[in-house]
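Take the sequence shown: its letters are residues -20 to -1, 1 to 403, numbered as in mature numbering (1 follows the signal peptide of the UniProt record, and there is no 0).
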Amino acid sequence: MRKKVVSAMLCMAMAATMLAGCGGNAGTASAGTDSSKKTAGGKEEVVIWDYFETDAQKNMMQDIIDGFNESQEEYEASHVYVPFADYEKQLTLGMASGELPDLVILDGCSMASFIQMDLFGDVSDADIKWDEYLEGPMESTMADGKHYGIPFATNCTALFYNKDIFDAAGMEYPNENTTWEDFHEMAKALTKDGVVGFGNAATGTDEGTFQCLQWLYTAGGDYQNVKGGTDAYNLMQEMVADGSWSKDCVNWTQSDVNNNFVAGNLAMQQNGPWQIPGIEKDAPDLNYGVTVLPKKDAESDQATSILGGENMGAVKQDDMGGATAFMEYYDKTEVMVDAMKQYGSFPPKTEAAQDSYWTDDPIQKEFITQLQTSIPRGPSASWPEYSDALQTGFQEVMTSAKTPEKAAEDTQAAVDKVKASEK
């Protein structure tokens, strides 16, 4: 494994910051390398870190690696599993110890902070079709016009609905023209007999920010302009208060939400395409559909969703040939398409996303449509601090700890403080 040597005092300070839940703007590390290691067969080793846990994800990663190793004679790739809960901490500690891989697969919203820490190297000269990538995912891999990696997988959330529950109530299904008012009325009408109209993941972590931030953007705000999205706070508080938006959401992860949807406890849920393989396996008879998230009003454009997914970043070192070669291999449309079919996500390249596997499937096709108005979290090197501030506001609104106006005011102040620290 190649090594990168950085200032130990600096990186240990960054590690302490991340362990304390602060993250972000801690400084810049200086770069260096050690000699690369050779495999028993004399090839140059390319080590990749990932946090993939399911059998499907592990098989996907191994298939990519096997394909890369068979495609050329110079490099031999392998991957190392690092638990998601410890992932960013281990990266920061690795910068201090000099023990790092060649490539890192990480949550897209985390990449900006590690670019600023100088973990990743500039790969703008790689033979990669940069202009074929979706704009949002590509932006999350860049800084100051330079490329530090490529998008690996992309996804977003959309609106799932239980057709049987709607049919029993004699109601039309939600669609691309559904407004917040329509959505609220649907959810209220379906909240009965132990069923709640709607639920999402609003847990007090970035997972909650990922699901809740969409409502703020659709209302006209953004992650730095909370007051502009106060109408979203009003909608959330009203629906939780009348029982049509589950009050338990403040404790639910995305898996919790999906489990309740599959069990018939929710008529509608906000969730992502990664839930589809599990539904097909565990609830093959579930009669459900997916459509884009509701828009604010009839005059509004399609609602925003928030981009999820992973990026592949190249660790900065003198010789980045192996990392570049692996990214160039994954950049091949056929490789990416095969990988994302296994992964339960979408290819971040326009051409790959047009594969009939997604465009001919009525459910997958809705996610492709939703991706067209999806945006990244940030991107900002201070995203962890922004996320903490934003999710505190959502929790305060959904628990009625504050009025929407007070929550917007206080969250805006917290966001402004983060913004000021970036200057």
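Beta carbons are placed, not taken as given, at the ideal position from N, Cα and C, and that holds for glycine.
Minimum C-alpha distance to residue i - residue among the options
{"i": "GLY223", "options": "ASN214, GLY177, ASP43, LEU266", "result": "GLY177"}
{"i": "THR189", "options": "GLU389, GLN392, PRO384, PRO364", "result": "PRO364"}
{"i": "PHE326", "options": "GLU346, MET307, TYR309", "result": "GLU346"}
{"i": "ALA57", "options": "ASP335, THR372, LYS227, ALA305", "result": "ALA305"}
{"i": "SER367", "options": "ALA76, GLY301, GLN204", "result": "GLN204"}
{"i": "ALA167", "options": "PRO131, GLY116, ASN142", "result": "ASN142"}
{"i": "CYS89", "options": "ALA133, ASP298, GLU53, SER226", "result": "ALA133"}
{"i": "TRP29", "options": "TYR55, VAL295, GLN375, VAL395", "result": "VAL295"}
{"i": "ALA361", "options": "GLN249, LEU86, PHE94", "result": "PHE94"}
{"i": "GLY116", "options": "ASP35, TRP232, PRO356", "result": "PRO356"}
Rounded straight-line distance, which links the Cα of residue j to that of residue i
{"i": "residue 421", "j": "TYR31", "result": "Summary: the structure shown does not reach residue 421, with the chain confined to residues -20 through 403, and so no result is reported for it."}
{"i": "ALA369", "j": "TYR213", "result": "14 Å"}
{"i": "SER401", "j": "ALA393", "result": "13 Å"}
{"i": "ASP105", "j": "LYS126", "result": "10 Å"}
{"i": "THR372", "j": "MET307", "result": "37 Å"}
{"i": "SER15", "j": "LYS329", "result": "Note that SER15 has pLDDT 42, beneath the 50 cutoff, so the model's placement of it is unreliable and the number below is only indicative. Taking the straight line joining both Cα atoms gives about 34 Å."}
{"i": "MET300", "j": "MET75", "result": "16 Å"}
{"i": "MET118", "j": "GLU187", "result": "21 Å"}
{"i": "ASP298", "j": "ILE45", "result": "23 Å"}
{"i": "THR159", "j": "SER280", "result": "9 Å"}
{"i": "PRO131", "j": "GLN70", "result": "21 Å"}
{"i": "MET40", "j": "GLN322", "result": "6 Å"}
{"i": "ALA181", "j": "TRP254", "result": "14 Å"}
{"i": "GLY244", "j": "GLY150", "result": "17 Å"}
Close beta carbons around residue i, own chain, < 8 Å, minus the five adjacent residues each side
{"i": "ALA221", "result": "SER380"}
{"i": "ASP202", "result": "LEU196, GLY208, GLY209"}
{"i": "MET91", "result": "PHE100, SER120, THR121, TYR128, GLY129, ASN291, GLY293, PRO359"}
{"i": "ILE259", "result": "ASN238, VAL242, LEU266, TYR268"}
{"i": "SER51", "result": "TYR309"}
{"i": "TYR153", "result": "TYR141, LYS143, PHE146, GLY269, THR271"}
Counted within 10 angstroms of its Cβ, other Cβ atoms place residue i as buried (16 or more) or exposed
{"i": "PRO81", "result": "buried"}
{"i": "PHE64", "result": "exposed"}
{"i": "ASP107", "result": "exposed"}
{"i": "VAL60", "result": "exposed"}
{"i": "GLY174", "result": "exposed"}
{"i": "LYS17", "result": "exposed"}
{"i": "GLN234", "result": "buried"}
{"i": "GLU68", "result": "buried"}
{"i": "ALA303", "result": "buried"}
{"i": "ASP211", "result": "buried"}
{"i": "THR185", "result": "exposed"}
{"i": "GLY1", "result": "Low per-residue confidence applies at GLY1: pLDDT is 34, beneath 50, and the placement is therefore not dependable enough to give any value."}
Sequence-distant residues of its chain with Cβ nearer than 6 Å to residue i (five each side left out)
{"i": "ALA332", "result": "THR313, MET316, VAL317"}
{"i": "residue 405", "result": "Residue 405 lies beyond the range of the chain shown here (-20 to 403); nothing can be said about it."}
{"i": "VAL103", "result": "HIS127, ALA294, THR304"}
{"i": "GLN375", "result": "GLY184, VAL230"}
{"i": "SER226", "result": "VAL176, GLY179"}
Cβ neighbours of residue i in the same chain (closer than 7 Å, five flanking residues each side left out)
{"i": "residue 406", "result": "This structure gives no information on residue 406, because the portion of the chain shown stretches from -20 to 403."}
{"i": "THR383", "result": "none"}
{"i": "GLN282", "result": "GLU156, VAL272, LYS275, THR353"}
{"i": "VAL377", "result": "TYR213, MET216, GLN217, PRO384, ALA387"}
{"i": "MET256", "result": "Correcting the residue identity first, residue 256 is Ile in this sequence and not Met. Only GLY324, ILE343 meet the Cβ criterion."}
Minimum Cβ-Cβ distance from residue i to chain D less than 7 Å
{"i": "ALA169", "result": "No chain D appears in the structure shown, which is made up of a single protein chain."}
Write down every uninterrupted run of the beta strand (DSSP E) in the stretch 62 to 147 whose length is 3 residues or greater and which is fully enclosed by it, in chain order.
Correct list: 83 to 87, 129 to 131, 138 to 142.
I'd like the ranges of any alpha helix (DSSP H) spanning at least 4 consecutive residues and lying wholly in the stretch 189 to 270.
With a minimum length of 4 residues, the unbroken runs of alpha helix (DSSP H) contained wholly in the stretch 189 to 270 fall at 210 to 221, 234 to 242, 256 to 262.
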